[in-house]
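Down below is the structure, laid out as structure tokens.
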Amino acid sequence: MLDLQTLLSAQLFPLLLVFARLGSAFAMLPGIGEVVIAGRSRLLLALSVSLVVAPVVSSSLPPLPASPADLLALVGGEIVVGLFLGTTARLMLIVLEEAGSIISIQTGLSSAQVFNPGLANQSALTGAILMTLGVVVIMATNLHLVAITAIIDSYTLFRPGQPLMWEDLAHVVVKLVSHGFLIAVQIAAPYFVLGILFFTALGVMARLMPQVQVFFIALPVQVMGGLLIFALTLSAGMMWWLSFYEAGLRIYLAPR
1013 MLDLQTLLSA QLFPLLLVFA RLGSAFAMLP GIGEVVIAGR SRLLLALSVS
1063 LVVAPVVSSS LPPLPASPAD LLALVGGEIV VGLFLGTTAR LMLIVLEEAG
1113 SIISIQTGLS SAQVFNPGLA NQSALTGAIL MTLGVVVIMA TNLHLVAITA
1163 IIDSYTLFRP GQPLMWEDLA HVVVKLVSHG FLIAVQIAAP YFVLGILFFT
1213 ALGVMARLMP QVQVFFIALP VQVMGGLLIF ALTLSAGMMW WLSFYEAGLR
1263 IYLAPR
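Numbering (the working numbering), first residue to last: 1013 to 1268.
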């Protein structure tokens, strides 16, 4: 019995704590926590990474609690931290969907709704394209590895067993949402300029030639112009968002 308790304290308990944080974070991380990826695959990946990480962060872990209630509270706190870290990354990805929704309104494509795998729901066509491209860019630039490193380094910021800083967590989420909306508007800024110029020209045309049904002419031109601007600004917009995403992850990285 003593040997079993020693084994539980020395091996399984650190693995359980690390898996609680990593598993909950992996459920939300872009590229890893997508709904199209089987839950068993995510759990297996989280368990594999936990086996490697547990010995590294074992010095930051508290001893095995004496009561089951304390153990449950400790594991629950780790799950909350993992969900917070994964949710912050997911919120930064959703910025692309917000930008895509604004773009679809300005280009006349708001009625074109498609299935968005990043949201597991219907969304604007441009939003689905940008979110899917965002996941591809994350994986291509190895930012998913930066996210995993940030989760591991978070043990220096969110130590297991310490009281959670709920006010600070809420402040981070609110600040991230507000900054993310600003980034979405900045990505869609060229379309605002296009919309103002285009509809101003339509108003002038309607005054000069009232017999012409300008809206029958406007819609094809609006869509084609929007697609042209989309092609011209896509790379710049993705690079701007990518710098925002990387900066949001590096907050949790330990100094090296």
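Positions of the beta carbon are idealized from the N, C-alpha and C atoms, including for glycine. Here the structure is a predicted model, which is why all the values come from computation and not from measurement.
Quiz prompt | Contacts around Ala1159, its chain only, beta-carbon distance under 7 Å, and the 5 residues preceding and following it disregarded | solution = Leu1041, Ala1101 and Leu1261
Quiz item: Going along the chain, which residues of its own chain have a beta-carbon closer than 8 Å to the beta-carbon of Ile1195, five neighbours each way excluded?
Solution: Val1107, Ala1111, Trp1252, Trp1253 and Phe1256
Practice problem: For the segment 1046-1060 and the segment 1124-1135, state whether three or more C-beta atom pairs, one from each stretch, are separated by less than 8 Å. | Solution: yes
Quiz prompt | Range covered by the alpha helix (DSSP H) that runs through Val1048 | solution = No alpha helix (DSSP H) holds Val1048; DSSP gives it neither H nor E.
Exercise. Given a cut-off of 8 Å, decide if Ala1058 and Gly1035 are closer than it, judged by their beta-carbon atoms.
Key: yes
Self-check item: Residue span of the beta strand (DSSP E) that contains Ala1136, given as start and end
Solution: Here the beta strand (DSSP E) through Ala1136 covers Asn1133 to Ala1136.
Quiz item: Is the CB-CB distance between Val1226 and Ala1218 below 8 Å?
Solution: It is a contact, given that the beta carbons lie within the stated cut-off.
Practice problem: Return helix, strand or coil for Val1224, following the three-state DSSP convention. | Solution: coil
Quiz item: Ser1062: buried (16+ other C-beta within 10 angstroms of its C-beta) or exposed?
Solution: It is buried - the Cβ of Ser1062 has at least 16 other Cβ atoms within 10 Å.
Practice problem: Under 8 Å Cβ to Cβ from Leu1265, same chain only, skipping five residues before and after it: list those, please. | Solution: Val1158, Thr1161, Ala1162 and Asp1165
Quiz prompt | 8 Å Cβ cutoff met for Gly1215 and Gln1118 | solution = no
Practice problem: Label Gly1179 either buried or exposed according to how many other C-beta atoms from any shown protein chain fall within 10 Å of its C-beta, with 16 as the threshold for buried. | Solution: The question names Gly, but residue 1179 is Glu in the sequence shown. With a 10 Å radius around the Cβ and a threshold of 16 neighbouring Cβ atoms, Glu1179 comes out exposed.
Quiz item: Are Val1280 and Gly1139 touching if we call contact CB-CB under 8 Å?
Solution: Lying before the first or after the last residue shown, residue 1280 is absent from the chain, which here runs from 1013 to 1268.
Practice problem: Measure the CB-CB distance between Met1104 and Gly1192 and report whether it falls below 8 Å. | Solution: yes
Quiz prompt | Straight-line gap, Val1149 to Ala1259 (C-alpha atoms, nearest Å) | solution = 15 Å
Self-check item: Beta-carbon proximity check, Met1151 vs Gly1051, cutoff 8 Å
Solution: no
Quiz item: CA-CA distance, Pro1232 and Gly1146?
Solution: Cα-Cα distance, rounded: 28 Å.
Quiz item: Expressed to the nearest angstrom, what Euclidean distance is found between the alpha-carbon atoms of Tyr1167 and Phe1031?
Solution: 13 Å
Practice problem: Tell me whether Ser970 is buried or exposed, calling it buried when 16 or more other Cβ atoms sit within 10 Å of its Cβ. | Solution: Nothing about residue 970 can be read from this structure; the chain reaches only from 1013 to 1268.
Practice problem: Please report how far the alpha carbon of Thr1099 lies from the alpha carbon of Arg1033, in whole angstroms. | Solution: 12 Å
Quiz item: Between the C-alpha atoms of Leu1220 and Ser1113, what's the straight-line distance to the nearest angstrom?
Solution: 33 Å
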